[in-house]
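What the sequence shown shows, in my numbering, is residues -14 to 223, in sequence order.
Glycine included, C-beta positions come from ideal geometry on N, C-alpha and C.
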Amino acid sequence: MLSAAEIERALVVTAHPDDVDFGAAGTVANLTDAGVEVTYCLVTDGQAGGFDDSIARPEMARIRREEQTKAAAEVGVTELVFLGHMDGEVQFGMELRHEIARVIRQVRPRVVITQSPLINLGSVYGSHADHVATGQATWAAVYPDARNPFAFPELLTSGLEPWKVAEMWITLGPEPTDTVDITANVERKIRALRCHESQHPDPDAMESRVREWFQQIAAEAGLPDGSSAERFQVVDSR
-14 MLSAAEIERA LVVTAHPDDV DFGAAGTVAN LTDAGVEVTY CLVTDGQAGG FDDSIARPEM
46 ARIRREEQTK AAAEVGVTEL VFLGHMDGEV QFGMELRHEI ARVIRQVRPR VVITQSPLIN
106 LGSVYGSHAD HVATGQATWA AVYPDARNPF AFPELLTSGL EPWKVAEMWI TLGPEPTDTV
166 DITANVERKI RALRCHESQH PDPDAMESRV REWFQQIAAE AGLPDGSSAE RFQVVDSR
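Structure representation (structure tokens):
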């Protein structure tokens, strides 16, 4: 895993608002604290989320964009790209590959953080179809699309030069390779998660579960008692 000192820019690609905050917000806060410019790319607006069925779905999309923008600010991120796909209908295909490859060429990140392109039979929630499709499309956008001058030639003619990503950090990857100590930023992670008010009928219970989960990850990694950590499967894509 590259150190923050080796990363100038990073891109996070997730299916829904709040995905990054559950999986990687502490790591993102670590990066921005170190001066790394982080951009979020949200494939959907999360229209199918929430617990209040009185909210019209277009209004839920607006709410969730606003919530994600506030959550991003908690961990030092101010640049967000919303692709506007329909929640629950994300498909791995050329359209999404093209859109993500465009964002990669625009941002020119050394690291891309994204979701697993594989179904994990041990995690129904972690293997949401939108997550898997987003992971697959991001994988293909990193290699071969973003670096190949002959892929999506209109990107090149519009001034977006090919770009090679050095590493992908996969949240909930099937074989985690690296653990990131987020103890110093776990409170910012919690604040980011609490920004997603439309998604948490019991935010205190959510917070308790999250704290326990990330303390367990830290304990499994041998970090000191009271530590919190996030875990990734790091893929060398150079």
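Practice problem: Give the straight-line distance between the Cα atoms of T142 and L208, rounded to the nearest whole angstrom. | Solution: C-alpha separation (whole angstroms): 49 Å.
Quiz item: Hey, how far is the Cα of Y25 from the Cα of G61?
Solution: The alpha-carbon separation between Y25 and G61 amounts to approximately 11 Å.
Quiz prompt | F7: first and last residue of the uninterrupted alpha helix (DSSP H) it sits in | solution = In the DSSP assignment, F7 falls within the alpha helix (DSSP H) that extends over 4 to 8.
Quiz item: Using CA coordinates, which residue listed in A0, R50, A122 is at the minimum distance from I85?
Solution: Ranking the options by Cα distance to I85, first place goes to A122.
Quiz item: Going by alpha carbons, who is nearest to A(-10) out of D221, F135, E22?
Solution: The shortest CA-to-CA distance from A(-10) to any of D221, F135, E22 is the one to E22.
Quiz item: So is E205 in contact with chain C if we call contact Cβ pairs under 8 Å?
Solution: Looking at the structure shown, chain C is missing, and only one protein chain is on hand.
Self-check item: Euclidean distance between Cα positions of Y128 and R176
Solution: So the alpha carbons of these two residues sit roughly 34 Å apart.
Quiz item: When you compare each of E44, E59, E51, D115 to F77 by their alpha carbons, which one comes out closest?
Solution: Checked all of E44, E59, E51, D115; the closest Cα to F77 is D115.
Quiz prompt | Enclosing beta strand (DSSP E) for Q218 [first to last residue] | solution = Taken as a continuous stretch (DSSP letters only), the beta strand (DSSP E) holding Q218 covers 214 to 221.
Quiz prompt | Spatial distance of G120 from P188 (CA atoms) | solution = Cα to Cα, G120 sits roughly 28 Å from P188.
Quiz prompt | Cross-strand partners of A122 (DSSP beta bridge) | solution = Bridge partners of A122 according to DSSP: none are assigned.
Self-check item: Beta-carbon proximity list for I(-8), same chain, < 6 Å, skipping 5 on both sides
Solution: Result list for I(-8): V21, R95, V96, in chain order.
Quiz item: So, using beta-carbon positions, are T12 and I155 closer together than 8 Å?
Solution: For T12 and I155, no; Cβs fall outside 8 Å.
Quiz item: Buried or exposed: where does F135 fall if 16 or more other Cβ atoms within 10 Å of its Cβ makes it buried?
Solution: With fewer than 16 neighbouring CB atoms inside 10 Å of its own CB, F135 falls in the exposed class.
Practice problem: Taking only the alpha-carbon atoms, compute the straight-line gap between A226 and E139 and give it to the nearest angstrom. | Solution: Only positions -14 to 223 of the chain appear in the structure, and residue 226 is not among them; the question remains open.
Quiz item: Just how far apart, CA to CA, sit T162 and I202?
Solution: Between T162 and I202, the C-alpha separation is close to 12 Å.
Self-check item: Contact check, V150 vs E215, beta carbons under 8 Å
Solution: No; because the gap between Cβ atoms is not below 8 Å, this pair is not in contact.
Quiz item: How many angstroms separate the CA atom of F137 from the CA atom of E146?
Solution: Those two C-alpha atoms are separated by around 11 Å.
Self-check item: Beta-carbon proximity of G34 to D72, cut-off 8 Å
Solution: Yes, they are a contact pair.
Quiz item: How is the alpha helix (DSSP H) around Q91 delimited, first residue to last?
Solution: First-last of the alpha helix (DSSP H) with Q91: 79 to 92.
Quiz prompt | Contacts around R49, its chain only, beta-carbon distance under 7 Å, and the 5 residues preceding and following it disregarded | solution = P2, D30, G31, G34, S183, listed in sequence order.
Quiz item: Of the residues A190, V(-3), N15, C180, which one's Cα is nearest the Cα of T99?
Solution: If we check each option's Cα against that of T99, V(-3) comes out closest.
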